[in-house]
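Going by the numbering used here, the first residue of the sequence shown is number 3, and it counts up by one from there. Following: one structure in structure tokens, then a few remarks.
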Amino acid sequence: MRNIKSFIIFSLLLNSLTVFGQIELKNAPGTKFIASNNADTFLISSKPITNREYIIYFLWLSNVYGIDYPAYVTNAIPGIPADKIDLIITETENSSTPFKIIFTYAPTYVKDYIFNPKYIDYPVIGLSKMQANQFCFWLSDRYNEKN
């Protein structure tokens, strides 16, 4: 009888600890939680990433790495092999824009699609798997900074 009482008390104690110790994960706005059987659960966006969102990432890369590591910036341009781009970054007199970026090679569709305000809310295209992964890591970091 004593073992049964001990077992019931232990079970209630264990149950109360697991109920109160659970942490509810909050989804980022516009995302859905994808659960799986292993540790690879993740959030996925409920809408495609637009050119506007990717340009924000691109400008962040330019501001953080542009002058010292221009390869990080050139590798982020969708649809263009990095060895085909010559990126020239020059400093300007205006303090609000510390440098300007000049592309010496860019196909017409990149100029007309990605950086054109007419297509700013269209889905970004031409990303490699590496570029998509780097964008996701960056987006996760920005979300974690805010929360």
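C-beta atoms are modelled at their ideal positions from N, C-alpha and C, and glycine is treated no differently. Owing to the predicted nature of the structure, the values given are computational and were not obtained by experimental measurement.
From the options, residue whose alpha carbon lies closest to that of residue i
i       : options                        : result
Phe-121 : Ser-47, Ser-142, Ile-51        : The sequence given here has Tyr at residue 121, not Phe. The residue with the shortest Cα to Cα distance from Tyr-121 is Ile-51.
Leu-61  : Phe-137, Ser-142, Asn-146      : Phe-137
Val-126 : Ile-57, Ser-47, Ile-46         : Ile-57
Lys-131 : Gly-68, Pro-72, Pro-80, Thr-76 : Pro-80
Buried versus exposed call for residue i [16 or more other C-beta atoms within 10 Å across all chains shown]
i       : result
Asn-146 : exposed
Val-66  : exposed
Tyr-78  : In the sequence as presented, Tyr is not what sits at residue 78; that position holds Ala. Buried: at least 16 other Cβ atoms inside 10 Å.
Asn-135 : exposed
Cα-Cα separation, residue i to residue j
i       : j       : result
Leu-129 : Asp-70  : 24 Å
Tyr-74  : Leu-63  : 7 Å
Ser-47  : Phe-117 : 22 Å
Asn-53  : Tyr-115 : 8 Å
Pro-119 : Glu-55  : 13 Å
Ser-142 : Gln-133 : 14 Å
Lys-148 : Gly-68  : 24 Å
Tyr-150 : Lys-49  : Not covered by the structure: residue 150. The range shown for the chain is 3 to 149.
Trp-140 : Thr-76  : 16 Å
For residue i, the three-state DSSP class (helix, strand or coil)
i       : result
Ile-127 : coil
Gln-136 : helix
Tyr-145 : helix
Delimiting residues of the alpha helix (DSSP H) encompassing residue i
i       : result
Ile-116 : Careful: Ile-116 lies outside any alpha helix (DSSP H) and carries neither H nor E.
Ser-48  : First-last for Ser-48: undefined, no H or E at that position.
Asn-77  : Here Asn-77 belongs to no alpha helix (DSSP H), and DSSP marks it neither H nor E.
Tyr-67  : 53-67
Contact test: residue i Cβ vs the ligand SAM heavy atom, cutoff 7 Å
i      : result
Val-75 : The ligand SAM is not among the ligands present in this structure, which contains no ligands whatsoever.
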